[in-house]
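Q:
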Amino acid sequence: LGKTEIQLEREKSGSWRKEEEDEEERKKKRTARIPGKLQRMLEKRGASSEDLDEYFDKRTDEDEEVEVEKRCADRTSACGRMKAMGKLDCNGRYLQFCPKSCNKCSAAVAPAPKASPEKQGKCIRPTILNGRAGNKPVMQAGEKLNVRCNAGYTLIGEAVTCQIQNVFTNKDKDARLVPGCIRLGSNTLVGNGASYSGSKNTYGVGQMSFTCDSWNKDVLRGILMNKKDGMALAIGNHNYCRNPGGAEPVPFCIGSGTGVGKIHYCFGHAGCNTCAGAADKYGPDYCGSARNLKYCLYTDESSAARVSAIQANCAATCCAIAGC
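Just so we're aligned: 595 in our numbering is position 232 of the sequence shown, and the numbers increase by one with no gaps anywhere.
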């Protein structure tokens with residue numbers, strides 16, 4: 364049939380069929396990773412099958428994840444803000460601009476999750492301060508920790524599951540963040556809020572409101588490494604506004620979204636009890652000017668010094684703006 368001696372020799376050894384199977388497998392991988400239209404375009408530009416094989420052989424699972432992340436990225440930072448405000452319509456025209464925030468991506472299929480290399484085993488039911496765990500004394504690997512707080516206490520932190528022994532992990536694979544129970548106090552701000560223990564957990568930027576990030580989560584993952592005494596802000600696995608040690612003019616929190624890693628003030632002014640007998644040092648030409656009025660209330664640490672100066676010079680005006 365016109366076969367060469369090499370072909371006959373390959374058939375005898377079985378390598379001919381093996382090479383065909385390998386080539387078919389490579390084609391399947393290329394088809395799964397590159398759309399047909401794109402593959403034909405690459406071939407027209409001189410990218411041979413061998414070139415494509417070599418390219419994919421060098422790619423790792425991490426490369427695939429990075430590519431998916433890039434293709435699924437939001438097109439604008441407004442997506443995260445709109446989602447936080449509950450105004451993101453993922454069934455409408457925003458989907459094409461906010462695939463990540465909508466948890467949808469049509470550009471590429473995310474790789475299948477890899478099996479966890481971490482050891483797993485049974486856990487001993489932990490003791491919960493100001494609460495209790497509703498699980499059996501010995502918990503199975505992957506079992507969710509069911510925390511129930513005592514009366515008057517509030518559950519904080521994300522859900523965790525048993526990893527092994529006394530180690531519990533969450534969806535972010537961070538065993539340092541476990542749920543707990545804390546007692547919340549009055550939402551009335553007194554003085555600079557050094558003892559504030561209320562439930563406020565939002566801050567404002569312009570006309571928009573954002574939810575604070577978890578203290579421990581942000582501190583432990585290192586986003587406050589460049590802030591002096593940043594580790595001192597690991598005050599709990601919650602996101603309630605606080606003023607540890609009364610170091611700031613009002614209670615604050617760690618920002619989320621575009622404000623991540625920044626200190627944002629939850630209140631624009633100290634408690635109204637500080638406004639008793641307040642008086643302006645200067646007249647309306649100074650205290651009533653638009654340039655100074657916009658600095659009557661605290662927003663974030665970048666303008667804190669300016670706001671403190673305006674409040675000291677225009678105490679009565681700023682107290683009125685604060686609603687006191």
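A virtual CB, placed ideally from N, CA and C, is assigned to each residue, including glycine.
Tell me whether LYS580 is buried or exposed, calling it buried when 16 or more other Cβ atoms sit within 10 Å of its Cβ.
A: By the 10 Å Cβ count, LYS580 comes out buried.
Q: Just the Cα atoms here: how many angstroms apart are THR574 and GLY618?
A: Looking at the two C-alpha atoms, the distance is approximately 8 Å.
Q: When you compare only the Cα positions, how much space is there between LEU492 and GLY543?
A: 7 Å
Q: Report all residues from its chain with a CB closer than 8 Å to the CB of ALA597; omit the five preceding and five following residues, and keep chain order.
A: Correct list, in chain order: TRP578, ASN579, VAL582, LEU583.
Q: Where does TYR649 sit, in a helix, a strand or coil, going by DSSP?
A: helix
Q: Does DSSP put VAL670 in a helix, a strand or coil?
A: helix
Q: So what does DSSP say about ASP537, is it helix, strand or coil?
A: DSSP places ASP537 in coil when its eight states are reduced to three.
Q: What ranges does the beta strand (DSSP E) occupy inside the stretch 482-510, keeping only unbroken runs of at least 3 residues that lie completely in it?
A: 494-496
Q: Excluding sequence positions up to five away, which residues of its chain have a Cβ less than 7 Å from the Cβ of ARG495?
A: Contacts found: ARG511.
Q: Who are GLN528's beta bridge partners in DSSP?
A: CYS486
Q: Per the DSSP calculation, SER572 is bridged to which residue(s)?
A: GLY567
Q: Looking only at its own chain, which residues have a Cβ that is under 8 Å from the Cβ of GLY443, when we skip the five neighbours before and after it?
A: ASP437, SER464, GLY620, THR621
Q: Please state whether the Cβ-Cβ distance between ASP643 and ALA679 is less than 7 Å.
A: yes
Q: Is it true that the CB of ASN509 sits closer than 7 Å to the CB of GLY520?
A: no
Q: If contact is defined by three or more beta carbon pairs under 8 Å, each pair taking one atom from either stretch, is the stretch 620-635 in contact with the stretch 658-673?
A: Yes: at least three Cβ pairs fall under 8 Å.
Q: Could you check if TYR645 is buried or exposed, using at least 16 other CB atoms within 10 Å of its CB as the buried criterion?
A: TYR645 is classed as exposed because its beta carbon has fewer than 16 other beta carbons within 10 Å across all chains shown.
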